[in-house]
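Data first, discussion second: the structure below is written as structure tokens.
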Amino acid sequence: MTSVLAVLEQRDGALRGVSHEVVTAARRLADALGGTVEALLLAPRPDVKGVDALGRFGADKVTVLHHATVFARYAPEACARAVTTRATGGKHAAVLLAASATGRDLAPRVAAQLGVPLASDAIDLSADGDALVVTRPVYAGKALLKIKMTARPAVVSLRPSVFTPVERPKAGTLETPSLASGDSGRVVVREVKAAPAGSLDVGEAPIVVSGGRGLKEPANFKVLEDLARAFGGRAAVGASRAVVDAGWRPHADQVGQTGKTVSPTLYIAVGISGAIQHLAGMRTAKVIVAINRDKDAPIFKVADYGIVGDLFEVVPKLTEEIKKLDG
Amino acid sequence: MKIAVCIKRVPDSETRVKIAADGKTLDEAGVKFIVNPYDEFALEEALRRKEQAGSGEVVVVSLGPAAAQETIRAALAIGADSGVLLQADRVPADGLEVARALAAELKDGGFDLILFGKVAIDDSNHQVGPMVAELLGLPCVTAITHLELGAGQGTAEREVEGGIEVVEFPFPAVLTTDKGLNEPRLPSLKGIMAAKKKPLAVKPITLPAGSIEVLAMLPPPDRKAGKIVGEGGAAVPELVRLLREEAKVL
Ligand SMILES: Cc1cc2nc3c(=O)[nH]c(=O)nc-3n(C[C@H](O)[C@H](O)[C@H](O)COP(=O)(O)OP(=O)(O)OC[C@H]3O[C@@H](n4cnc5c(N)ncnc54)[C@H](O)[C@@H]3O)c2cc1C
Ligand SMILES: Nc1ncnc2c1ncn2[C@@H]1O[C@H](COP(=O)(O)O)[C@@H](O)[C@H]1O
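Keeping their order, the protein sequence lines are chains Z and V.
1 is the number of the first residue of the first sequence in our numbering; add one for each residue after it.
328 is the number of the first residue of the second sequence in our numbering; add one for each residue after it.
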């Protein structure tokens, strides 16, 4: 029987949320192909928090391949080898990964080793006979490309926050073999400098509050940080390129063509004009709010809700109102 | 230090995308083409490494139509020593085919480093660099924002969700570059003049289509027209109400 291989991610012993999206997409595809879902997780230990619940999202079989040192941090070469080994043999119609920092690195290595094509950042996938039909953004989201992949397996990375996890219970089995080889490969992650505890990544936060040149100076980002905090740990602060290039905010926070592509539930653009390269990074947000004192700013063309006004008046007021909601 | 930099000719990021009559490709009429912005970080890094070493060679390689000679000349004007154009009329949608052609060209070049952008802003494939590394059996670090080179060994940093990975690798190696790595320089008048005399080899190739077939290029889904809720702080309560009751996101 044909099968879809879902390659999952964990961090610090817990399954990452994006893994549910990958299993959900794999289930959908497997149903269309009349096949099964196999999930593969590479981890330092066999007991990864959240793995037991994977059956709920439609995994028929979950394999936690573990090794205490090799998989302690992301080991690109060892991980690629492990996934390729698993995906060889013609049983799998597709290998699905998240288009996360790790998945983006891993997917092309796996595809090249298997000698098959890779479709990055899929936002939709379906079956056409034995082939896969994938829709993915090109030109920074200014167009979509619908492609047909005939090779087996097809490697596809999925844009995060697009495939909403759906619970479709399966009586999944779990196995936890250990990796035989202790070889991590030539490329070694020595250290992960973690962002301050509790800070959410703009690429993953359900709410993003972004600031631009309208903030006037770096210290004023405090008004956005206050607003983000009012959302109670669900919001991250993003930035336009103008303020990143000026050194006000770190590059990791930049949203747009040369920054991150985000699809949060709510995106609040503050003092951002809405240049085409900025829109490329946030136009797939579910709801967009713009606060800008120029009523003709292009950001209002993509915003669901806009307030024309001085951000230094509007944002603190908004922070107060949001605090009232949760209080 | 001998360094190769792979650069792609892409439409300017300001381009308004118009879909061609075939329904599958970009209508190139009136489109301005540039060096892929991420490849500028790769080129800048190569030039700095050569300058630091005091000697070396920077070779740019591009696969594309005859017009990509302009792209290569632009890189030569910025400071690369020579260029190679693998001339193909069509660049296939399957990035593995591009990677195979580039790998064949780079294989016996004796490069210490082979640099790529992390992504081309047209096809957004995010794949050619690491694929070339696999095909050549070289170690590879992707999307780097910081680089230090020692004797036969380098350390790079790459951004991941919620942190930065510090990665060690041996040379020769393949690296792909992200914004933040450096600030690319602009061409000088002298550079532009000098570029005209630098060697540029054109090698016609034919590429297999690969196993990705383009069915259609489509416009992105339209966002429905939004509304201005009001002006100034007075509009805030209404905004919050709409976010709760209409959009249901709070
Ligand atoms: C190759 C390339 C890649 C790029 N990639 C990116 C990218 O990834 N991300 C990105 O963001 N940009 C990117 N850009 C840059 C982009 O073109 C714009 O220059 C940039 O987005 C502008 O940033 P901004 O909106 O903060 O500044 P501005 O365009 O200067 O806008 C500031 C806005 O603030 C408003 N404002 C000022 N004061 C107030 C106030 N008191 N209250 C309310 N509103 C106020 C103004 O009305 C104005 O609309 C890229 C450009 C190129 C060429
Ligand atoms: N046709 C090409 N010619 C030269 N380099 C390319 C070409 N296509 C992609 N590359 C390189 O590979 C990187 C990633 O491209 P892609 O995988 O297409 O997103 C680019 O930044 C370039 O460095």
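Backbone N, C-alpha and C define an ideal beta-carbon position, used for all residues, glycine too.
Would you mind telling me which residues of chain V sit closer than 7 angstroms to residue i, beta carbon to beta carbon, in chain order?
i: Gln277 of chain Z; result: Ser340
Quick check: residue i and residue j, are their CB atoms within less than 8 angstroms of each other?
i: Ala407 of chain V; j: Val362 of chain V; result: no
i: Gly256 of chain Z; j: Arg213 of chain Z; result: no
i: Ser263 of chain Z; j: Ala235 of chain Z; result: no
i: Val289 of chain Z; j: Ala303 of chain Z; result: yes
i: Glu378 of chain V; j: Lys329 of chain V; result: no
i: Ala140 of chain Z; j: Ile471 of chain V; result: no
i: Leu106 of chain Z; j: Val22 of chain Z; result: no
i: Ala459 of chain V; j: Leu433 of chain V; result: It should be pointed out that residue 459 of chain V corresponds to Val in this sequence rather than to Ala. A contact, by the Cβ cut-off of 8 angstroms.
i: Arg343 of chain V; j: Ser389 of chain V; result: no
i: Leu266 of chain Z; j: Ile322 of chain Z; result: no
i: Val37 of chain Z; j: Asp60 of chain Z; result: yes
i: Gly489 of chain V; j: Ala72 of chain Z; result: no
i: Ala39 of chain Z; j: Gln10 of chain Z; result: no
i: Glu540 of chain V; j: Ile147 of chain Z; result: yes
i: Arg249 of chain Z; j: Ala239 of chain Z; result: yes
i: Phe312 of chain Z; j: Val202 of chain Z; result: no
i: Leu179 of chain Z; j: Val70 of chain Z; result: yes
i: Phe498 of chain V; j: Cys333 of chain V; result: no
i: Ile405 of chain V; j: Pro546 of chain V; result: no
i: His66 of chain Z; j: Lys506 of chain V; result: no
i: Asp172 of chain Z; j: Val83 of chain Z; result: The sequence given here has Gly at residue 172 of chain Z, not Asp. Contact flag unset, no.
i: Leu423 of chain V; j: Pro117 of chain Z; result: yes
Taking all protein chains shown into account, do 16 or more other C-beta atoms lie within 10 angstroms of the C-beta of residue i, making it buried, or fewer, making it exposed?
i: Ser181 of chain Z; result: exposed
i: Asp253 of chain Z; result: buried
i: Leu513 of chain V; result: exposed
i: Ser273 of chain Z; result: buried
i: Ile532 of chain V; result: exposed
i: Pro457 of chain V; result: buried
i: Pro364 of chain V; result: buried
i: Met544 of chain V; result: buried
i: Ala143 of chain Z; result: buried
i: Met282 of chain Z; result: buried
i: Gln480 of chain V; result: exposed
i: Gly437 of chain V; result: exposed
i: Ser538 of chain V; result: buried
i: Glu204 of chain Z; result: buried
i: Glu492 of chain V; result: buried
i: Thr319 of chain Z; result: buried
i: Pro137 of chain Z; result: buried
Assuming residue i contacts residue j (C-beta within less than 8 angstroms), just tell me the rounded distance between them.
i: Leu455 of chain V; j: Val501 of chain V; result: The sequence as given places Val at residue 455 of chain V; Leu does not occur at that position. Not a contact, Cβ separation roughly 10 angstroms.
i: Leu125 of chain Z; j: Ala242 of chain Z; result: Actually they are not in contact, since the Cβ atoms of Leu125 of chain Z and Ala242 of chain Z sit about 36 angstroms apart, beyond 8 angstroms.
i: Tyr74 of chain Z; j: Leu569 of chain V; result: Between Leu569 of chain V and Tyr74 of chain Z the Cβ distance is about 42 angstroms, and since that is not below 8 angstroms, they are no contact.
i: His92 of chain Z; j: Ser161 of chain Z; result: Going by Cβ atoms, the distance from His92 of chain Z to Ser161 of chain Z rounds to 25 angstroms, so no, they are not a contact pair.
i: Glu461 of chain V; j: Ala112 of chain Z; result: 4 angstroms
i: Pro46 of chain Z; j: Val64 of chain Z; result: 5 angstroms
Output, in chain order, the set of chain Z residues within a Cβ distance shorter than 8 angstroms of residue i.
i: Arg550 of chain V; result: Arg283, Ile288, Val302 and Asp304
i: Gln480 of chain V; result: Near Gln480 of chain V there are no residues of chain Z at all, since even the closest Cβ is about 10 angstroms away, more than 8 angstroms.
i: Pro499 of chain V; result: Within 8 angstroms Cβ-Cβ: nothing; Pro499 of chain V doesn't reach chain Z, min ~11 angstroms.
i: Lys554 of chain V; result: Asp304, Tyr305 and Gly306
i: Pro457 of chain V; result: Asp105, Pro108, Arg109 and Ala112
i: Lys506 of chain V; result: His251, Gln254, Thr258 and Gly259
So residue i contacts chain V; which residues on that side make the cut at Cβ distance below 9 angstroms?
i: Pro137 of chain Z; result: Ser451 and Pro547
i: Thr150 of chain Z; result: Ser538, Ile539 and Glu540
i: Gly212 of chain Z; result: Near Gly212 of chain Z there are no residues of chain V at all, since even the closest Cβ is about 17 angstroms away, more than 9 angstroms.
i: Gln10 of chain Z; result: Simply none; closest approach about 13 angstroms.
i: Ser181 of chain Z; result: Correct list: empty, because the minimum Cβ distance to chain V is about 17 angstroms.
Between which two residues does the alpha helix (DSSP H) harbouring residue i extend?
i: Thr85 of chain Z; result: Pro76 to Ala87
i: Pro108 of chain Z; result: Ala101 to Leu114
i: His66 of chain Z; result: Taken as a continuous stretch (DSSP letters only), His66 of chain Z belongs to no alpha helix (DSSP H), being part of the beta strand (DSSP E) at Lys61 to His66.
i: Gln379 of chain V; result: Pro364 to Ala380
Going along chain V, which residues have a C-beta under 8 angstroms from residue i?
i: Ile147 of chain Z; result: Ala420, Ile539, Glu540, Val541 and Leu542
i: Asp121 of chain Z; result: Ser451 and His453
Whose Cβ in chain Z lies nearer than 7 angstroms to the Cβ of residue i?
i: Met328 of chain V; result: By Cβ distance, chain Z contributes nothing, its closest Cβ being about 19 angstroms from Met328 of chain V, past 7 angstroms.
i: Gly557 of chain V; result: Ile307
i: Pro526 of chain V; result: What Pro526 of chain V touches in chain Z: nothing, since even the nearest Cβ is about 30 angstroms away.
i: Ala574 of chain V; result: Val287 and Asp304
Taking the beta strand (DSSP E) that residue i belongs to, which residues open and close that run?
i: His473 of chain V; result: Cys467 to Leu476
i: Ala430 of chain V; result: It is not in any beta strand (DSSP E) - Ala430 of chain V instead sits in the alpha helix (DSSP H) that spans Gly422 to Leu433.
i: Tyr305 of chain Z; result: Tyr305 to Val308
i: Ala500 of chain V; result: Ala500 to Thr504
Anything in chain Z within Cβ reach of residue i, meaning under 9 angstroms, just list it in chain order.
i: Ala415 of chain V; result: Residues of chain Z passing the Cβ test: none, with the nearest at roughly 17 angstroms.
Show which residues of chain C have a CB atom less than 8 angstroms away from the CB atom of residue i.
i: Ala347 of chain V; result: The chain labelled as chain C is not found among the protein chains of the depicted structure, namely Z and V.
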